[in-house]
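Numbering (mature numbering (1 follows the signal peptide of the UniProt record, and there is no 0)), first residue to last: -35 to -1, 1 to 266. Even for Gly, the Cβ is constructed at its ideal location relative to N, Cα and C. Single-structure report; data block below.
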């Protein structure tokens, strides 16, 4: 040992520094582990379907592109075609259309932690390609179809990291589906009653697809079109006070004609308001309580 005030030997100095370094690392490790754990557990995904719906989550391997993507398919005789597709977690949804190739109609939801989810081969989307909107867990974003490079109706679903890499073992409803696995998963999405159980397509009827929508405080107004009979349809869905009668309205006005409105105290939605609008522009909109939306004349023809 050095005498007090005497010189410190190099071996003694190295030992002291090593001990100090070990102490600092030991103190930091629990914090690092905790931070990593928080990051992994930060986002919990529900199934992309209505409460109680059961479908197969098939993580094909090999041969699926991209590897790790899930194909949601029929289960127990339940046809998945036309099923409502909901966001599996909250974020901002971006709507796209790849035409007859690849994803077809598809939606990407970017989440607050930098991760994202993708939903492809949709038959319809709640906003036109190029649009975006904020969504909560359970918000309707489209319906199952077979657009793009698809050979049969199903929902192509991906979970991607903040770096854009596809997670090859995605977890939905607490169930991890690893490469090569196929699991039946039952949805608890919207089971808490926080989301409207109805969709615009269900309210307007067969053949109608969403071509536009507008956010309201407490709901959303939707414009749909039926290419078969060339009718438009407007419905306003509530997102608050669900099941409780409150003021809500929907209207549709072909240019040069009178306006048709459905308004009253309803539990879930106003409408459907359907009008023949072949070769015409339309003005449309609706309200929930004091919040209202009126479009310009648009979507002509």
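Which residue from the options puts its Cα closest to that of residue i?
| i | options | result |
| --- | --- | --- |
| residue 260 | 238, 85 and 178 | 178 |
| residue 31 | 129, 201, 139 and 252 | 129 |
| residue 248 | 257, 217, 61 and 233 | 217 |
| residue 94 | 154, 33 and 61 | 61 |
| residue 67 | 239, 84 and 219 | 84 |
| residue 29 | 193, 152, 165 and 114 | 114 |
| residue 166 | 202, 151, 229 and 140 | 202 |
| residue 76 | 118, 221, 175 and 8 | 8 |
| residue 24 | 207, 97 and 38 | 38 |
| residue 239 | 17, 194 and 154 | 194 |
Measure the Cβ-Cβ separation of residue i and residue j and say whether it is below 8 Å.
| i | j | result |
| --- | --- | --- |
| residue 136 | residue 52 | no |
| residue 213 | residue 253 | yes |
| residue 57 | residue 74 | yes |
| residue 190 | residue 176 | yes |
| residue 34 | residue 131 | yes |
| residue 14 | residue 40 | no |
For residue i, count neighbouring Cβ atoms within 10 angstroms of its own Cβ and tell me buried if that reaches 16, exposed if not.
| i | result |
| --- | --- |
| residue 69 | buried |
| residue -8 | Unreliable positioning characterises residue -8 in this predicted model, as indicated by a pLDDT of 44, which lies under 50. The coordinate reading is nonetheless provided below. So residue -8 ends up on the exposed side. |
| residue 123 | buried |
| residue 3 | With a pLDDT of 32 at residue 3, under the threshold of 50, the modelled position of this residue cannot be trusted; read the value that follows with caution. The residue in question, residue 3, is exposed, as its Cβ has fewer than 16 Cβ neighbours within 10 Å. |
| residue 265 | exposed |
| residue 204 | buried |
| residue 78 | exposed |
| residue 209 | exposed |
| residue 263 | exposed |
| residue 289 | Absent from the structure is residue 289, since the part of the chain shown begins at -35 and ends at 266. |
Against chain D, does residue i count as a neighbour if the rule is that its beta carbon must be under 8 Å from one of theirs?
| i | result |
| --- | --- |
| residue 38 | Absent from the structure: chain D. Only one protein chain is present. |
In the DSSP assignment, the beta strand (DSSP E) including residue i goes from what residue to what residue?
| i | result |
| --- | --- |
| residue 198 | 196 to 203 |
| residue 107 | 105 to 109 |
| residue 83 | 81 to 90 |
| residue 120 | 120 to 125 |
Residue i lies in the alpha helix (DSSP H); which residues open and close that run?
| i | result |
| --- | --- |
| residue 166 | 165 to 169 |
Within the chosen definition, does the region 134 to 149 reach the region 95 to 104 through at least 3 CB pairs nearer than 8 Å?
no
Just checking, does the region 185 to 195 make contact with the region 35 to 46 on the three C-beta pairs under 8 Å criterion?
no
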